[in-house]
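First the structure, in the form of structure tokens, and then the observations on it.
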Amino acid sequence: MGMDFSTLRTLISRYCVGEENWVDSRTVYIGHKEPPPGTEAFIQQRFPDNRIVSCKYTFWNFIPKNMFEQFRRVANFYFLVIFLVQLIIDTPTSPITSGLPLFFVITVTAIKQGYEDWLRHKADKAVNECPVQVVQNGKIICKQSRRLRVGDVVLVKEDETFPCDLILLSSSRDDGTCYVTTASLDGESSHKTYYAVQDTKAFTTEEEVSCIHATIECEQPQPDLYKFVGRINVYMNNEPVARPLGSENLLLRGATLKNTEHIYAVAIYTGMETKMALNYQSKSQKRSAVEKSMNAYLVVYLCILISKAVINTGLKYLWQSDPNRDEPWYNERTDTERQRHILIRAFTDFLAFMVLFNYIIPVSMYVTVEMQKFLGSYFIMWDDEMLDEELGERAVVNTSDLNEELGQVEYVFTDKTGTLTENNMEFIECCVDGHVYIPHAICNGQVMPGASSIDMIDTSPGPDAREREELFFRALCLCHTVQVKEEETVDGIKHGIHQGKSSSFYISSSPDEVALVEGMKRLGFTYLRLKDGQMEILNRDDEVERFELLEVLTFDSVRRRMSVIVRAGSGEMYLFCKGADSSIFPRVIKGKVEQVKARVELNAVEGLRTLCVAYRPLSPEQYQQVCHQLSGAKLALQDRDKQLAEAYDIIERDLILLGATAVEDRLQ
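Going by full-length UniProt numbering, the residue at position 94 of the sequence shown is 94; the numbering climbs one at a time, nothing skipped.
Pasting the structure below:
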């Protein structure tokens, strides 16, 4: 009974604090360990296995399901009706004339769709039987992917694909991060950074991971790739420590681990509940534009056919209204037929005329179309111009029913970055309080080899110009999510951030941020690394400055800005904010807004990508208030995005403008 009262108490308390309907949430026990006694009621939940099913049919339901889908087509249903009419009533033609072509069309289509579904079965089997390494009792065992369960702790190595949706627990990297590409999900080829849970990132071996005692509370599966709300309760000495979980902690099925030796993660969504599976298109039969237009013409010809049958039936009875004009001698009516009601005789004659004239709708056309689709799919797969020479892979036709849709494309919508442009960002200049700085002196489009690293175009600095300038450079070295690639050893020589091209050692999901950090390096401020919560910068005097990273207010497309809160070695705290001019200028209360705005507009006219940078000093009291606002919003399971947006709006105000940057992304 104690367990029952505990469960009831938990549900009542969650309801009273106004959280979401917990029937629509799930609790995941990491490693299938129950919470310590007295801390939380253990609620056993059932989840699907990790089997992926992309096929439409099974051996048992293929015939009835395929027949149902085929006879949903107007043409097939029409010919079926004609065939049944020929079987039921006395008609001028044999039922074979309609039944045989219909049988051929249905059979060819069924074989084609059955073969395509068999290929999907093979692909599903290959995915479901893929080996996955799972941590059990401090050891690594190998499981088939389909046998994974929610709560299993998985080991994923570099260049491997995630077998299900996972929460990152720890990484081979010291900072608990990992790099992931999601090209198969959203088409983005850049590396994205994901973060391990703060309290579990130190567990880096199988034995340590097996000792994790924690539960995860999160929302039920939903298809939005960029939305996830949850929290993890890590039990330390039977006392739970709650941490927020967001999309930055969620590794999606289909994504690939990059530039990280290995990670440990726990499965929270498996099989058809993964976000990738939820984004599958419906498996109902798709209709191409050609088929839809054919159906429209079919309706027109069907109306013509019915009209002809009605007119001919009427003319027949008009002709036979004269007693001397009965049926001809070779087709005289029997006494039974003469005794039928005239409406029944008229309806029978109407159906006979329908059968007689049904060839106005050619069944051979549908046979030809089905064969063309089937063979056309092979021509697409055989096309050498659609061959990826690097991977050696040809085009794959998942459904031949839509081949002709490719020829119906009139407009191709593309985004700007990476399609119309090279997606290779280059830092051009920055403007600080109206003073413009570029990395090198440029003459007639050529970089002057003997030029100094900074060329001040606008030479009217005030007394505190150097201090403001360095604060601007520090802001750009700190306000980002760039990661520094670990040192590589080639022929016994270590290559790090100071050797070779710096672009090889900065990694970020945003190429703009990499360009800005590289630009700052050319201007004398080098971002070194983030280690143990400390961001390190090498300044112009070759001195290493350390800033404690306190909070990151991540970028989103609504705010169009991001911020960080840092503590300098002297103890001073700053909020650095960068973003679009339209999102920064309204929040600025001080600074040379007009001069910077003029430069931003000039750069925008030249096709450069611009960002504005501002800051705000924080007192200890203000920082405590910020921490309280953010922690409350991050731990919320209901309307977390809304609460975070409100908290960000309160924090990112009363800013002091520092300047703006310009980055070029050349057209292809």
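All C-beta atoms, glycine included, are put in the ideal place defined by N, C-alpha and C.
Handout entry: Option nearest Pro439 by Cα separation, candidates Tyr506, Ala662, Pro511
Key = Translated into positions along the sequence shown, residue 439 becomes position 439. Of all alpha-carbon atoms in Tyr506, Ala662, Pro511, the one lying nearest the alpha-carbon of Pro439 is that of Ala662.
Problem - C-beta contact flag for Arg287 and Asp124 at 9 angstroms - result: Translated into positions along the sequence shown, residue 287 becomes position 287. Translated into positions along the sequence shown, residue 124 becomes position 124. No, the pair does not count as a contact, with Cβ atoms beyond the cut-off.
Problem - Straight-line Cα distance separating Asn403 from Met377 - result: Counting from one through the sequence shown, the residue named residue 377 turns up at place 377. Counting from one through the sequence shown, the residue named residue 403 turns up at place 403. The amino acid at residue 377 is misidentified as Met; the sequence shows Ser. Within the model, the alpha-carbon separation for Ser377 versus Asn403 is close to 7 angstroms.
Handout entry: For Glu239, the residue or residues it bridges with in DSSP
Key = Position 239 of the sequence shown, counting from 1, holds the residue named residue 239. Glu239 pairs with Met236.
Practice task
Count the other C-beta atoms from every protein chain shown that fall within 10 angstroms of the C-beta of His435, then say buried if there are 16 or more, exposed otherwise.
Solution key: Within the sequence shown, residue 435 is the residue found at index 435, counting from 1. Counting other Cβ atoms within 10 Å of its Cβ, His435 reaches 16 or more and is therefore classed as buried.
Exercise for the section: For Phe71, collect the residues of the same chain with a Cβ closer than 7 angstroms to its Cβ; drop the 5 residues on either side in sequence, then sort them by chain order. Expected result: Indexing the sequence shown from 1 puts residue 71 at position 71. If the five residues before and after Phe71 are omitted, its C-beta is found closer than 7 angstroms to the C-beta atoms of Phe77, Leu80, all from its own chain and listed in chain order.
Problem - Inter-residue spacing [alpha-carbon to alpha-carbon] between Leu356 and Arg345 - result: Stepping through the sequence shown from its first residue, residue 356 is reached at position 356. Stepping through the sequence shown from its first residue, residue 345 is reached at position 345. Taking the straight line from one Cα to the other gives about 16 angstroms.
Exercise for the section: Inspect the CB distances between the region 610 to 627 and the region 647 to 664 and report whether three or more fall short of 8 angstroms. Expected result: Yes, the region 610 to 627 is in contact with the region 647 to 664.
Handout entry: Neighbourhood of Asp24 by C-beta distance below 8 angstroms, restricted to the same chain and skipping five residues each side
Key = Counting from 1 along the sequence shown, the entry for residue 24 is found at position 24. Excluding residues within five positions, the ones whose Cβ falls inside 8 angstroms are Glu219, Gln220.
Practice task
Report the three-state DSSP secondary structure of Ile89 (helix, strand or coil).
Solution key: Taking the first residue of the sequence shown as 1, we reach residue 89 at position 89. Of the three classes helix, strand and coil, the one that applies to Ile89 here is coil, per DSSP.
Exercise for the section: Would you kindly report the start and end of the unbroken alpha helix (DSSP H) that includes Gln629? Expected result: For this step, residue 629 is matched to residue 629 along the sequence shown. Counting along the chain, Gln629 sits inside the alpha helix (DSSP H) bounded by residues 620 to 634.
Problem - Sufficient close CB pairs (3 or more, under 8 angstroms) joining the region 264 to 276 to the region 43 to 55 - result: The count of Cβ pairs closer than 8 angstroms, one atom from the region 264 to 276 and one from the region 43 to 55, reaches three, so the stretches are in contact.
Problem - Residue closest to residue 673, alpha-carbon to alpha-carbon, out of Val105, Thr58, Ser171, Pro92 - result: Outside the modelled stretch of the chain, which goes from 1 to 668, sits residue 673, for which no answer is possible.
Exercise for the section: Can you tell me which of the three DSSP states Thr181 falls into? Expected result: Position 181 of the sequence shown holds residue 181. Strand.
Exercise for the section: Compare the Cα-Cα distances from Glu129 to each of Gly114, Val154, Arg146, Asn137 and report the closest residue. Expected result: For this step, residue 129 is matched to residue 129 along the sequence shown. Of Gly114, Val154, Arg146, Asn137, the residue nearest in Cα terms is Arg146.
Exercise for the section: Report the rounded CA-to-CA distance for Val484 versus Leu530, giving the unit in angstroms. Expected result: As a working note, residue 484 is residue 484 in the sequence shown. As a working note, residue 530 is residue 530 in the sequence shown. The straight-line gap from Cα to Cα measures roughly 8 angstroms.
Exercise for the section: Compare the Cα-Cα distances from Val127 to each of Ile96, Leu553, Arg466, Ser54 and report the closest residue. Expected result: Here residue 127 refers to the residue found at position 127 when the sequence shown is read from its first residue. Minimum Cα distance to Val127 is reached at Ser54.
Practice task
Look up Thr256 in the DSSP assignment and give the residues it is bridged to.
Solution key: As a first step, residue 256 must be located in the sequence shown, where it is residue number 256. DSSP links Thr256 through a beta bridge to Thr161, Thr181.
Exercise for the section: Taking only the alpha-carbon atoms, compute the straight-line gap between Glu664 and Glu248 and give it to the nearest angstrom. Expected result: On the sequence shown, residue 664 is found 664 positions in, with the first residue counted as 1. On the sequence shown, residue 248 is found 248 positions in, with the first residue counted as 1. Their backbone Cα atoms lie some 28 angstroms apart in a straight line.
Exercise for the section: Would you grab the beta carbon distance between Lys578 and Cys627 for me? Rounded to a whole angstrom, and I think it's under 8 angstroms. Expected result: What you label residue 578 is simply residue 578 of the sequence shown in a count that begins at 1. What you label residue 627 is simply residue 627 of the sequence shown in a count that begins at 1. Lys578 to Cys627, Cβ: 22 angstroms. No contact.
Handout entry: C-alpha distance - Ser528 paired with Asn398, whole-angstrom precision
Key = Working through the sequence shown from its first residue, we reach residue 528 at position 528. Working through the sequence shown from its first residue, we reach residue 398 at position 398. Note on residue identity: the sequence assigns Leu, not Ser, to residue 528. One C-alpha to the other measures close to 47 angstroms.
Practice task
Evaluate Ser460 with the Cβ neighbour count: other Cβ atoms within 10 Å of its Cβ, from every protein chain shown; 16 or more gives buried, anything less gives exposed.
Solution key: On the sequence shown, residue 460 is found 460 positions in, with the first residue counted as 1. Legend: pLDDT at Ser460 = 46, less than 50; position of this residue unreliable, no value from coordinates given.
Exercise for the section: Determine the direct distance from the alpha carbon of Ile52 to that of Gly187, and round the result to whole angstroms. Expected result: Position 187 of the sequence shown, counted from the start, is the residue given in the question as residue 187. Position 52 of the sequence shown, counted from the start, is the residue given in the question as residue 52. When rounded, the distance between both Cα atoms is 21 angstroms.
Practice task
Helix, strand or coil for Glu548, going by three-state DSSP, please let me know.
Solution key: Sequence index remark: in the sequence shown, residue 548 carries index 548 (1-based). Per DSSP, reduced to three states, the secondary structure at Glu548 is strand.
Practice task
Leaving out five residues on either side along the sequence, give the residues of the same chain with a beta carbon under 7 angstroms from the beta carbon of Cys178.
Solution key: The residue given as residue 178 occupies position 178 in the sequence shown. Cβ neighbours of Cys178 beyond the five flanking positions: Leu168, Ser171, Tyr194, Leu257, Thr260, Ile263.
Practice task
Taking the CB atoms as reference points, tell me whether Gly246 and Leu185 lie closer together than 9 angstroms.
Solution key: Here residue 246 corresponds to residue number 246 of the sequence shown, with the count starting at 1. Here residue 185 corresponds to residue number 185 of the sequence shown, with the count starting at 1. Against a cut-off of 9 angstroms, the Cβ pair of Leu185 and Gly246 comes out as no contact.
Handout entry: Rounded distance between the beta-carbons of Leu516 and His480, thought under 8 angstroms
Key = As a working mapping, residue 480 is identified with position 480 in the sequence shown. As a working mapping, residue 516 is identified with position 516 in the sequence shown. With a Cβ gap of about 7 angstroms, His480 and Leu516 count as contacting.
Exercise for the section: Using three-state DSSP, classify Leu528 as helix, strand or coil. Expected result: Numbered from its first residue, the sequence shown carries residue 528 at position 528. Note: Leu528 maps to strand in three-state DSSP.
Exercise for the section: Would you mind reading off the limits of the beta strand (DSSP E) that contains His191? Expected result: Here residue 191 corresponds to residue number 191 of the sequence shown, with the count starting at 1. Where His191 is concerned, the enclosing beta strand (DSSP E) stretches over 188 to 195.
Exercise for the section: Output yes or no for whether 9 angstroms exceeds the beta carbon distance between Leu155 and Glu239. Expected result: Counted from its first residue, the sequence shown places residue 155 at position 155. Counted from its first residue, the sequence shown places residue 239 at position 239. No Cβ-Cβ contact shorter than 9 angstroms links Leu155 with Glu239.
Problem - Per-residue burial, Phe576 [other beta carbons within 10 Å of its own, 16 or more giving buried] - result: Locating residue 576 in the sequence shown gives position 576, counting from the first residue. Taking all protein chains shown into account, Phe576 has 16 or more neighbouring C-beta atoms within 10 Å of its C-beta and is therefore buried.
Handout entry: Cα-Cα separation between Gly445 and Val132, rounded to whole angstroms
Key = Within the sequence shown, numbered from 1, the residue matching residue 445 stands at position 445. Within the sequence shown, numbered from 1, the residue matching residue 132 stands at position 132. With a pLDDT of 38 at Gly445, under the threshold of 50, the modelled position of this residue cannot be trusted; read the value that follows with caution. A straight line joining the alpha-carbon of Gly445 with that of Val132 spans about 54 angstroms.
Handout entry: Same chain only: Cβ atoms within 8 angstroms of residue 680, ignoring 5 sequence neighbours per side
Key = As displayed, the chain neither begins before 1 nor continues past 668, which places residue 680 out of reach and without an answer.
Handout entry: Asn424 in three-state terms, based on DSSP
Key = One-based indexing of the sequence shown puts residue 424 at position 424. Of the three classes helix, strand and coil, the one that applies to Asn424 here is strand, per DSSP.
Handout entry: Leu630 and Val432 closer than 9 angstroms at C-beta
Key = Numbered from 1 along the sequence shown, position 630 holds the residue referred to as residue 630. Numbered from 1 along the sequence shown, position 432 holds the residue referred to as residue 432. The beta carbons of Leu630 and Val432 sit no closer together than 9 angstroms.
Practice task
Would you identify the three-state DSSP class for Glu219, choosing helix, strand or coil?
Solution key: In the sequence shown, the residue the question calls residue 219 occupies position 219. In the structure shown, Glu219 sits in a strand (DSSP, three-state: E or B).
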